[in-house]
Structures are given as structure tokens and as C-alpha cells.
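>
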Amino acid sequence: MTNREQIKKYINKNQKEFIDVLFTLLKQPSISSQNIGIKECADLLQGIMKKAGIENVKIMESNGHPFVYGDLMSPENEFTLLIYGHYDVQPPEPLDKWISPPFKPIIRNNKIYARGVGDNKGQLLAHILAVKTLLDLQGSIPINLKFIFDGEEENGSPNLKPFMVKHKEMLQADLIYRSDGPLDSSGAPIINLGGRGMVSLELTATGADRDHHSGNKGNIVPNPAWKLIDLLSALRTPDGTVQVEGFYDDVRALSERDLEIIRSNYFDADEKAKTYGLKHLDMDGETYFKNKSVVPTFNINGIASGYMGEGHKTIIPSTATVRLDVRLVADQDPRDIFNKIKNHIQKIAPDIKVSGEGSFPPSRIPTDLPVVQAVIKSIEKTYEQKALIFLAAGSSGPNNIFTDVLNKPSISVPYANADEDNHAPNENMNVDLFFKGIEASCNVMNDLADDEPS
Numbered sequence: 384m385t386n387r388e389q390i391k392k393y394i395n396k397n398q399k400e401f402i403d404v405l406f407t408l409l410k411q412p413s414i415s416s417q418n419i420g421i422k423e424c425a426d427l428l429q430g431i432m433k434k435a436g437i438e439n440v441k442i443m444e445s446n447g448h449p450f451v452y453g454d455l456m457s458p459e460n461e462f463t464l465l466i467y468g469h470y471d472v473q474p475p476e477p478l479d480k481w482i483s484p485p486f487k488p489i490i491r492n493n494k495i496y497a498r499g500v501g502d503n504k505g506q507l508l509a510h511i512l513a514v515k516t517l518l519d520l521q522g523s524i525p526i527n528l529k530f531i532f533d534g535e536e537e538n539g540s541p542n543l544k545p546f547m548v549k550h551k552e553m554l555q556a557d558l559i560y561r562s563d564g565p566l567d568s569s570g571a572p573i574i575n576l577g578g579r580g581m582v583s584l585e586l587t588a589t590g591a592d593r594d595h596h597s598g599n600k601g602n603i604v605p606n607p608a609w610k611l612i613d614l615l616s617a618l619r620t621p622d623g624t625v626q627v628e629g630f631y632d633d634v635r636a637l638s639e640r641d642l643e644i645i646r647s648n649y650f651d652a653d654e655k656a657k658t659y660g661l662k663h664l665d666m667d668g669e670t671y672f673k674n675k676s677v678v679p680t681f682n683i684n685g686i687a688s689g690y691m692g693e694g695h696k697t698i699i700p701s702t703a704t705v706r707l708d709v710r711l712v713a714d715q716d717p718r719d720i721f722n723k724i725k726n727h728i729q730k731i732a733p734d735i736k737v738s739g740e741g742s743f744p745p746s747r748i749p750t751d752l753p754v755v756q757a758v759i760k761s762i763e764k765t766y767e768q769k770a771l772i773f774l775a776a777g778s779s780g781p782n783n784i785f786t787d788v789l790n791k792p793s794i795s796v797p798y799a800n801a802d803e804d805n806h807a808p809n810e811n812m813n814v815d816l817f818f819k820g821i822e823a824s825c826n827v828m829n830d831l832a833d834d835e836p837s
């Protein structure tokens with residue numbers, strides 16, 4: 384196999400070609416929520432994959448936007464890696480906040496600016512260009528590769544699970560690998576061994592059948608906003624502990640190995656506070672990494688009642704609504720948690736309406752799997768620094784689909800910069816990190832063929 388220095392030299396030599404391919408992909412809009420450019424982008428991606436040397440490339444239909452599949456297989460290879468990514472992007476609005484047009488990629492200050500460059504076209508393309516790099520350098524790749532690229536991840540991947548169930552045999556692999564999201568703000572690589580699940584809820588309190596004058600009817604007509612505030616106070620303590628009966632019953636206990644990994648992660652409270660725009664962050668490293676990956680959350684993401692326009696409107700509102708997202712950790716079941724929350728609310732305030740807005744389960748793979756150790760060693764050698772290991776990503780993604788359907792481990796290794804501004808105006812990806820992502824994918828592909836990474 385090619386050594387790492389040869390891989391670096393090849394990537395450096397072909398930087399212009401690789402940027403040109405990326406720009407071609409970025410110029411093609413692929414906004415899944417608006418069904419803009421999806422088919423055209425799938426066709427374009429199919430051609431890029433074929434040109435890189437990937438075989439059996441095909442566009443596969445689903446009940447929504449199509450998936451793009453390809454593979455590179457050899458009977459001599461024992462290990463199979465399935466790489467997942469998505470070619471759809473978020474809408475670019477508000478357009479007036481972009482310094483340059485979102486679908487006209489440009490490099491400024493060593494960053495590529497375009498919608499979808501970090502999320503996820505730049506990271507997706509790194510895997511494809513890694514195939515081209517290794518084929519050109521060594522003629523073959525020492526593991527089997529399969530690729531599945533999603534066209535509606537930004538819509539929540541509603542058709543990923545049924546697609547994977549239908550094509551389970553085609554997608555069988557020893558490991559699922561994906562790159563999405565940013566490196567740590569310190570510049571350290573991140574390795575996610577799972578993802579938190581989520582339950583979304585909406586709670587609605589009602590009072591009278593219409594708004595009332597707060598003076599003439601004050602202390603007479605009940606205010607649903609106060610009803611909701613009282614309920615929320617009964618659901619969670621000031622320190623963040625959820626008061627719902629049985630909420631923590633099924634949370635998976637941490638092993639000594641888990642705790643060892645958490646405690647070994649680098650942490651700088653001042654640097655994190657600066658990253659988050661806080662004056663200070665009052666927690667130690669162990670608490671930070673636990674809270675970010677293995678402790679469930681109970682978050683208010685929106686609350687509305689009464690009048691919030693210009694000036695004052697002295698009313699008793701007729702309704703109050705709050706939306707919650709509850710991030711779940713390993714072994715918590717979304718339906719069970721939803722029912723526990725609903726039952727708890729009905730005991731306290733039976734007239735408050737509780738509705739579910741969607742959910743998916745968490746996932747977490749064991750830390751002691753040999754394949755996990757192989758990926759960690761490979762990534763740390765590529766980035767020449769210790770990786771931050773998260774037992775689960777703080778955000779929620781399709782990890783559980785891979786682990787549930789294929790019954791194989793799934794790992795996420797982000798390649799983008801911490802300030803990529805994905806989903807926002809002026810989304811960007813650091814040029815050096817794009818090339819480093821290609822290098823990382825090359826090394827992972829080679830190293831997974833060995834008992835010990837080279």
C-alpha cells in the first residue's frame with residue numbers, strides 16, 4: 384500500500400483539479416425542501432463517482448428524492464466499508480446576508496464559500512476523491528467500498544430506513560462511516576460513536592375562547608401563559624434535572640472504559656465559553672463531555688403567547704404554546720419517553736394538550752471494538768493530534784438506522800471547520816481541511832485492511 388507521504392504529495396499535486404470538481408458540485412443547487420435541482424445534482428454526482436473509479440454507480444428511486452449508490456468490490460478483500468453522505472442542502476435564505484452568491488463558490492481567506500460546501504458536499508466529495516487518489520497511486524483499494532448518498536437528509540431522511548430495509552443485502556458492511564459536521568473549535572478531530580435520539584413535543588394551554596382585557600378581567604379570567612409556566616417549572620429543576628417519573632430509568636450506565644475516554648478528552652473552559660459566546664462556562668471537562676453526549680436534554684425551543692408587537696397590548700391571552708425537544712441517550716426509547724412526559728403532564732395539568740411532533744431513537748456503539756480503535760488511530764495519525772472521542776454526537780442523525788437495520792457499528796468523523804456556518808448564510812469550508820479530509824479518507828481505507836493502522 385501507498386505510504387502516507389505519497390498520499391499527501393498526490394493530493395497537493397492535484398489540488399486545483401480537486402477544487403474544480405468541488406466547485407462543479409457546489410454550483411448545482413440541490414435544495415431538498417423545495418425540490419430544486421435534486422435530479423440534476425444526483426446525475427452530476429453519478430458522473431463524478433464514475434470518473435473517480437467507483438463502479439456500479441446508479442441512481443436509485445425512493446418514495447422521496449433518489450439515493451445515489453456505487454461500490455468498489457473485490458473477492459480478495461475481507462473488510463467492507465459503507466460510506467454515507469448527503470448531496471442535498473438547506474435553502475440559502477436570507478440571501479441578503481450572503482457576501483457572495485450561495486451557488487457561485489469562491490475562495491476568500493483560504494475558505495470556500497458556498498451553500499452545501501461543509502454540509503455536506505465537501506465532506507462527501509472527500510471520500511470520492513480518496514478513491515481516485517488511491518486508485519491512481521496503488522491501482523486498488525485493500526477493502527471493499529460501498530457508497531450511499533442521500534437526497535433528503537436536510538428533510539430528516541424520511542426514506543432512508545425503508546430504503547435500507549429494502550436493500551439490506553446490497554448495503555451490508557462491517558462498518559458504516561460518515562463525515563458531517565465540524566471539527567472541535569480547538570482544531571482537534573472528533574470521532575462520534577453514536578448519536579442522541581430525539582422526541583419533539585408541543586404543549587398548548589388554553590383559557591377563555593378569546594383574548595380579554597387584563598384590567599377588567601384580571602384575576603377573573605385564567606391566563607394560560609401562567610398555566611404553562613407553572614407546568615414547565617414542574618417538569619425540570621433549575622439545575623436541569625428532569626422531574627418526569629421514570630425519565631432516567633433506562634439510561635445506559637457508563638463503563639470504566641467510557642469514563643476513561645471522557646476524562647482523557649482535552650477541555651478548555653475559557654475557549655469553549657468564547658466559542659459559544661458566553662462570558663464563562665462553569666463546568667469541568669468531565670461534566671462537559673457527559674452533558675454533550677450521554678446525558679439527555681429537556682429543551683424549550685420556542686414559546687408563544689399574547690402580544691409581542693410594537694407597544695403594549697394589555698390582554699389576557701387565550702392560548703399559550705411551547706415546543707420542546709428532548710434529546711435521548713443510549714437505551715432510552717422515544718415512545719416510552721413521550722408517554723412518560725404526557726402522563727406526567729396529565730397528572731399536573733390534565734387540560735393541557737400534548738402532541739408529538741416526531742421522534743427517533745439514540746444509538747451508541749461499544750468503545751472497545753477493534754474497528755473503533757483502528758479508526759481512532761488512523762484519524763489521530765492523519766491530523767497529528769489526539770482526537771476528541773464522543774460516546775454519542777450531541778446532535779441527532781441517522782446513526783440508529785445504520786445500527787438497527789444493518790446491525791453493524793457506525794462512526795461519524797467530521798471534516799469541516801468549527802465555524803463552517805452550515806444552515807446559515809456564508810457557509811464555508813477551510814481549503815486545507817477539505818484536502819485533509821481526502822487524506823483522512825485515504826488513510827482510513829488503507830488502515831482498515833490492517834490489524835494495526837500503518
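Residue numbers for the sequence shown follow our numbering, so the first one is 384 and each next one is one higher. Even glycine gets a Cβ: it sits at the ideal position worked out from N, Cα and C.
Between which two residues does the beta strand (DSSP E) carrying valine 451 extend?
Here the beta strand (DSSP E) through valine 451 covers 450-455.
> Using the rule of at least 16 other Cβ atoms within 10 Å of the residue's Cβ for burial, across every protein chain shown, is glycine 629 buried or exposed?
The residue in question, glycine 629, is exposed, as its Cβ has fewer than 16 Cβ neighbours within 10 Å.
> Which residue or residues does DSSP assign as beta-bridge partners of isoleucine 442?
DSSP output for isoleucine 442 lists Val451 as bridge partner(s).
> Cutting at 6 Å between CB atoms, please list the residues of its own chain near isoleucine 686, excluding the five before and the five after it.
So the list reads Val705, once near-sequence residues are dropped.
> Give the range of the beta strand (DSSP E) segment to which lysine 675 is assigned.
No beta strand (DSSP E) contains lysine 675, which is instead part of the alpha helix (DSSP H) from 668-676.
> Compare the Cα-Cα distances from alanine 588 to each of Gln729, Tyr671, Glu693 and Leu455 and report the closest residue.
Taking only the C-alpha atoms, the option nearest alanine 588 is Gln729.
> Have a look at the DSSP bridge pairing and note the partners of tyrosine 496.
Looking at the DSSP assignment, tyrosine 496 forms a beta bridge with Ile489 and Asn811.
> Are three or more beta carbon pairs between the segment 724-743 and the segment 642-653 nearer than 8 Å?
In short, these stretches do not touch, since the Cβ pair count stays below three.
> Please classify glutamate 585: does DSSP put it in a helix, a strand, or coil?
Strand at glutamate 585.
> State the DSSP-derived secondary structure class of threonine 786, mapped to helix, strand or coil.
Threonine 786: helix per DSSP, three-state reduction.
> So, helix, strand or coil for proline 565, using DSSP?
Strand at proline 565.
> Which stretch, first to last residue, makes up the beta strand (DSSP E) that contains tyrosine 659?
Element bounds for tyrosine 659: not the beta strand (DSSP E) but the alpha helix (DSSP H), 652-659.
> Which residue's Cα is closest to the Cα of tyrosine 798: Lys487, Ile573, Ala775 and Ala757?
Answer by Cα proximity: Ile573.
> In the DSSP assignment, find the alpha helix (DSSP H) that holds glutamate 763 and state where it starts and stops.
Unbroken alpha helix (DSSP H) run through glutamate 763: 753-766.
> On the DSSP bridge list, what partners appear for asparagine 682?
BP columns for asparagine 682 point to Asp708.
> When the Cβ atoms of the segment 501-517 are set against those of the segment 700-714, are three or more pairs found closer than 8 Å?
With a cut-off of 8 Å, the segment 700-714 and the segment 501-517 do not count as touching, because too few Cβ pairs lie within range.
> Valine 514 lies in the alpha helix (DSSP H); which residues open and close that run?
Valine 514 -> alpha helix (DSSP H) spans 505-521.
> Report all residues from its chain with a CB closer than 7 Å to the CB of histidine 595; omit the five preceding and five following residues, and keep chain order.
Val604, Ile698 and Ile699.
> Is the beta carbon of leucine 517 sitting closer than 8 Å to the one on alanine 435?
Not in contact: leucine 517 and alanine 435 (Cβ atoms no closer than 8 Å).
> Beta carbon of valine 451, beta carbon of tyrosine 467: below 8 Å?
No. Outside cutoff.
> By the 10 Å Cβ neighbour count, where 16 or more other Cβ atoms means buried, how is serine 416 classified, buried or exposed?
By the 10 Å Cβ count, serine 416 comes out exposed.
> When DSSP builds the beta bridges, which residues end up paired with isoleucine 381?
Lying outside 384 to 837, the shown extent of the chain, residue 381 is not represented and no answer is given.
> From what residue to what residue does the beta strand (DSSP E) around aspartate 719 run?
It is not in any beta strand (DSSP E) - aspartate 719 instead sits in the alpha helix (DSSP H) that spans 717-731.
> How is alanine 775 classed by DSSP in three states: helix, strand or coil?
Three-state DSSP puts alanine 775 in coil, outside helix and strand.
> Between the Cα of glutamine 555 and the Cα atoms of Asp651, Leu464 and Ile402, which residue gives the shortest distance?
Nearest of Asp651, Leu464 and Ile402 to glutamine 555, Cα basis: Leu464.
> Give me the residue from Asn542, Ala497 and Glu535 with the minimum Cα distance to glutamine 411.
Among Asn542, Ala497 and Glu535, the Cα nearest to that of glutamine 411 belongs to Ala497.
> Give a yes or no on whether the C-beta atoms belonging to valine 712 and proline 745 are separated by under 8 Å.
In this structure, proline 745 lies closer than 8 Å to valine 712 by Cβ.
> Excluding the 5 residues flanking isoleucine 731 on each side, which residues of the same chain have their C-beta closer than 7 Å to its C-beta?
Excluding sequence neighbours, isoleucine 731 sits near Leu614 and Ala617.
> Between the beta-carbon of phenylalanine 401 and the beta-carbon of proline 488, is there less than 8 Å?
Contact: no.
> Buried or exposed for threonine 839, going by 16 or more other Cβ atoms inside 10 Å?
Residue 839 cannot be examined here, being either before or after the span of the chain that is shown, 384 to 837.
> In the structure shown, what three-state DSSP assignment does proline 836 receive?
Because the pLDDT at proline 836 is just 45, under 50, the model does not fix this residue reliably, and the point stays unresolved.
> Could you give the DSSP three-state label for alanine 425: helix, strand or coil?
Note: alanine 425 maps to helix in three-state DSSP.
> Whole angstroms are fine: how far does the CA of isoleucine 390 sit from the CA of lysine 396?
Distance between the alpha carbons of lysine 396 and isoleucine 390: 10 Å.
> The alpha helix (DSSP H) that contains phenylalanine 546, what's its start and end?
From DSSP, the alpha helix (DSSP H) with phenylalanine 546 extends over 543-549.
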